[in-house]
Each structure stands twice: as structure tokens, then as C-alpha cells.
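So in our numbering, the last one in the sequence shown is 386, and the numbering has no gaps at all.
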Amino acid sequence: MKHGDFTELAKFYVDRPGYSLVLLNYIKSYIKAELGRDILVADVGAGTGKLTENLEQIGLTGYAVEPNDAMRQEGINLFTGKNTFEWRAGSAESTGLPDHCVDWVLMGSSFHWTDAPRAMEEFQRILKPGGFFTAIWNPRDIQRSDIHMKIEGMIYKEVPNMKRVSSGSVMTTEIMVQKVGNHFKDLMFMECMHDEVMSKERYMNIWRSVNDIRVQAGEEGFQRILQNIEDILKDDSEISVPYKSRAWTAQCCK
133 MKHGDFTELA KFYVDRPGYS LVLLNYIKSY IKAELGRDIL VADVGAGTGK LTENLEQIGL
193 TGYAVEPNDA MRQEGINLFT GKNTFEWRAG SAESTGLPDH CVDWVLMGSS FHWTDAPRAM
253 EEFQRILKPG GFFTAIWNPR DIQRSDIHMK IEGMIYKEVP NMKRVSSGSV MTTEIMVQKV
313 GNHFKDLMFM ECMHDEVMSK ERYMNIWRSV NDIRVQAGEE GFQRILQNIE DILKDDSEIS
373 VPYKSRAWTA QCCK
């Protein structure tokens, strides 16, 4: 398995949690107030539709763009019978969307996989004048939970030199300023803590969906990690997982 290849993980990825609706509603309200109109959105790097579903829940419609066929099919399945989002094959660097077609572009837990300068040029192309871009991540907020800190410690014992690919926990506004570049202005940061209660099976599926740890641990090491997590949670049928949605939003200069 390669870094960033989620083809074999799509069936597990659907069990990942969504993002904070409180945070998304705040950003939506700000953008609507700034633009003075209803907004059409594009969820780029939409995966299996985790963020797309959240956007639908807060009353938005638009496009869901995803390059991986297996991930995109899971998203299409999720939206069967609905016409709120049109699913398309495409990437952040080449969405395939028309010029100036949306008011708000978002990337959920996927901006770190992009060629940022090319992606920002593409987003400027598909955004209407004055439109907005948001990069959002949803890292576990493990410092709030002893059991999740124990799991984290076990993983780093198995893979001592592990380097996580996701930017969710370590991204800063200073780094985002560099990535957003000169096409966008007035970068703002928001975060919101939230908790999700889930079955142990769903929690284990979330771990099975992780790409970067599996690549670095190797398949044998990753299976040991999964078994160790099972052992830590042997007396639990339900797990409360703390998360922290973190989002950076900027307005297109043109």
C-alpha cells in the first residue's frame, strides 16, 4: 500500500466521524453575510462523503469531487436517491468543474495531499468573485482522554519513528498563509471540540481506514497495533472519542 492510496480502505473510511456542525454553521453564516446570497459549495477531495453529508445537514448543495473511484463510489452510495450533491471525478488540482461556478470550496482532511499552489489556482478558477475556501481537519483530541493517550503511546512504541501525514493537529495559521498564497486574503482560523460515541466495531474500522500508520508499520506491524487496541478496549462495547474540528477560511481576491 502506498501513502495516500485509499482504494482498499474505502469500505472502512465510511465509519469515520463527521465534522463539527457548530463550526460549519458559523463559517456558513459568515460567508452568506459577506456575499449576501445563498451559496453553492464544492467539497473537493470528498472521499466517501463525510464532509459532504455535513454540508447537506446544514442546508447546502453543490458538487462533491473525488479522484479515487472506490472512495467516490461509497459517497455516491451514501447519496443514493438524493439530488443535493452532484458527484464528479476530479482532484484539487483539476476539479473538472466550470469556471466561477461555486461560492465556497472546502477540503475535509485532504488539503495536505495536494500540490497547494496548483490547487489554489484551480480554486480561484472555479470560485465566483469574492468566493471562499476552507481547509478543515478533524483530529482526535486525545489529550482529553487517558485511554486514547494509552493507545497513542502503544502505536509509537510499535513504530518509534512514525511521521503522521495528516496536518490536522499540527497545522498552523502561519503555514496556511504560505499554502494559500496570494490568490486569497483575510485568512481566519476556527476550531471546535466535539465528541462522538460509537460502537467498538465502528471505532476499529476507523483505525482500519488509516493509511499512513499502516504504510509505516507494515502489514504485520499494523495487525499487531489493531490487536493491541482490541486488547485495550476488551471491556468496552462503546467508546466516546474526542475530536477537535480545525478550519482555516480565506476569501478569493478576485
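Cβ coordinates follow ideal geometry from the N, Cα and C atoms, glycine included.
This one's a predicted model, so the numbers in the text were calculated from it and none came from an experiment.
Three or more Cβ pairs closer than 8 Å define a contact, and the segment 147-161 meets that threshold against the segment 319-331. Cβ-Cβ distances below 6 Å link Gln256 to His315 and Cys384 in the same chain, with the five nearest sequence neighbours on each side left out; the list follows chain order. Residue nearest to Ala202 within the set Asp235, Gly179, Gln310 and Arg250 is Gly179 (criterion: CA-CA distance). Only residues of its own chain outside the window of five on either side were considered, and among them Arg257 and Ile258 have a CB closer than 7 Å to the CB of Asp231, listed in chain order. For Ala349 against Val291, the beta-carbon gap comes to about 5 Å, under 8 Å, which counts as contact. A distance below 6 Å between beta-carbons, with the five flanking residues on each side excluded, links Asp327 to the following residues of its chain, in chain order: Ser372 and Pro374. Leaving aside the five residues that flank Pro249 on each side, the residues in its chain whose CB is nearer than 7 Å to its CB run, in chain order, Gly313. Rounded to whole angstroms, Leu365 and Asp278 show a C-alpha spacing of 12 Å. Per DSSP, the continuous alpha helix (DSSP H) segment holding Gln189 begins and ends at Lys182 to Gln189. In the DSSP assignment, Thr193 is bridged to Leu172.
Rounded to the nearest angstrom, the gap between the Cα atoms of Arg220 and Asp367 is 43 Å.
The Cβ atoms of Ser223 and Trp269 lie no closer than 7 Å to each other.
7 Å or more divides the Cβ of Thr184 from the Cβ of Asp170.
Taking a C-beta distance under 7 Å as the contact criterion, Ala382 and Phe211 do not qualify as a contact pair. With a beta-carbon spacing of about 12 Å, Leu187 and Asp235 fall beyond the 8 Å limit used to define contacts. Cβ neighbours of Arg204 within its own chain (closer than 7 Å, five residues either side excluded): Glu198, Trp219 and Ala221. The beta-carbon separation of Met336 and Glu362, rounded to 7 Å, stays under the 8 Å limit for a contact.
Annotation: Ser369 is outside any beta strand (DSSP E) and is labelled neither H nor E by DSSP. Under the DSSP assignment, His326 falls in the beta strand (DSSP E) whose first and last residues are Phe316 to Ser331.
Residue environment: Tyr145 is assigned as buried (16 or more neighbouring CB atoms within 10 Å of its CB, all protein chains considered).
Per DSSP, Gly179 lies in no alpha helix (DSSP H) segment and is marked neither H nor E. By the 16-neighbour rule on beta-carbons within 10 angstroms, Ser341 is buried. Residues of the same chain with a CB within less than 8 Å of the CB of Glu225, apart from the 5 flanking positions on each side, are Thr246, Asp247, Arg250, Ala251 and Glu254 in chain order. Here Cys233 has Ile258 as same chain residues with Cβ atoms under 6 Å from its own Cβ, once five neighbours each way along the sequence are excluded. Scanning Gly262, Leu238 and Gln359 for the CA closest to the CA of Arg378 turns up Leu238.
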